[in-house]
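Undergrad: Following the UniProt record's numbering, the numbering of the sequence shown begins with 1 at its first residue and continues without gaps. Virtual Cβ for every residue (Gly too), placed ideally from N, Cα, C.
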Amino acid sequence: MSQNPTTDDRECCAPLEHDVDGRQFAAHVRLLSGAGNDTRYELLRLLAAAEGEVCACELPEAVGLSQSAVSHALSTLYDAGLVTREKDGRWRYYGLTPAAESLIETLDEIHLDHD
Numbered sequence: 001m002s003q004n005p006t007t008d009d010r011e012c013c014a015p016l017e018h019d020v021d022g023r024q025f026a027a028h029v030r031l032l033s034g035a036g037n038d039t040r041y042e043l044l045r046l047l048a049a050a051e052g053e054v055c056a057c058e059l060p061e062a063v064g065l066s067q068s069a070v071s072h073a074l075s076t077l078y079d080a081g082l083v084t085r086e087k088d089g090r091w092r093y094y095g096l097t098p099a100a101e102s103l104i105e106t107l108d109e110i111h112l113d114h115d
């Protein structure tokens, strides 16, 4: 008959470690922080639903915000490595990076049931 260890049987306050190095840890935090805002996440979802890249001029109306607010959000997403940015004349086109695609796929697979 096995017995579950109690807190008295374990060493308390043992050091904890994770297996992510500092550089990768910082990249993960930057990626998660980039997506961690309602506006930026909605922009990611819109880009994911689009076929190919989307002109930045189409996004303010889609999210109900000013061009300036959308531009700021897109810059944050770009700096986080979540979107690509191409300039064609005076227009900028945005698409998802593979990291953003993977993040969205992973989020779609997670079923959070909080009642």
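What residue range does the beta strand (DSSP E) around valine 83 cover?
TA: Residues 83 to 88.
Undergrad: Contact between the segment 95 to 103 and the segment 33 to 48 is defined here as three or more beta-carbon pairs at a separation below 8 Å; is this criterion met?
TA: Touching, yes.
Undergrad: Does the distance from the C-beta atom of arginine 23 to that of glycine 81 stay below 8 Å?
TA: The answer is no: Cβ separation not under 8 Å.
Undergrad: Measuring only the C-alpha atoms, how far is alanine 35 from threonine 76?
TA: Each residue's Cα considered, the two are about 9 Å apart.
Undergrad: Thinking residue 116 and isoleucine 104 are a contact (beta carbons under 8 Å), I'd like their distance in whole angstroms, please.
TA: In this structure the chain extends from 1 to 115, so residue 116 is not present and cannot be described.
Undergrad: Among the candidates Asn37, Asp38, Ala14 and Ala56, whose CA atom is the shortest distance from the CA of tyrosine 94?
TA: Minimum Cα distance to tyrosine 94 is reached at Ala56.
Undergrad: Is it buried or exposed, alanine 62, if we count other Cβ atoms within 10 angstroms and call 16 or more buried?
TA: Under this definition alanine 62 is an exposed residue.
Undergrad: Helix, strand or coil for glycine 52? Go by DSSP, reduced to three states.
TA: DSSP places glycine 52 in coil when its eight states are reduced to three.
Undergrad: Rounded to a whole number of angstroms, what is the C-alpha to C-alpha distance between glutamate 53 and serine 66?
TA: Using only the alpha carbons, I get a separation of about 20 Å.
Undergrad: Does the ligand GTP have a heavy atom nearer than 7 Å to the CB of alanine 50?
TA: Here there are no bound small molecules, and the ligand GTP is not part of this structure.
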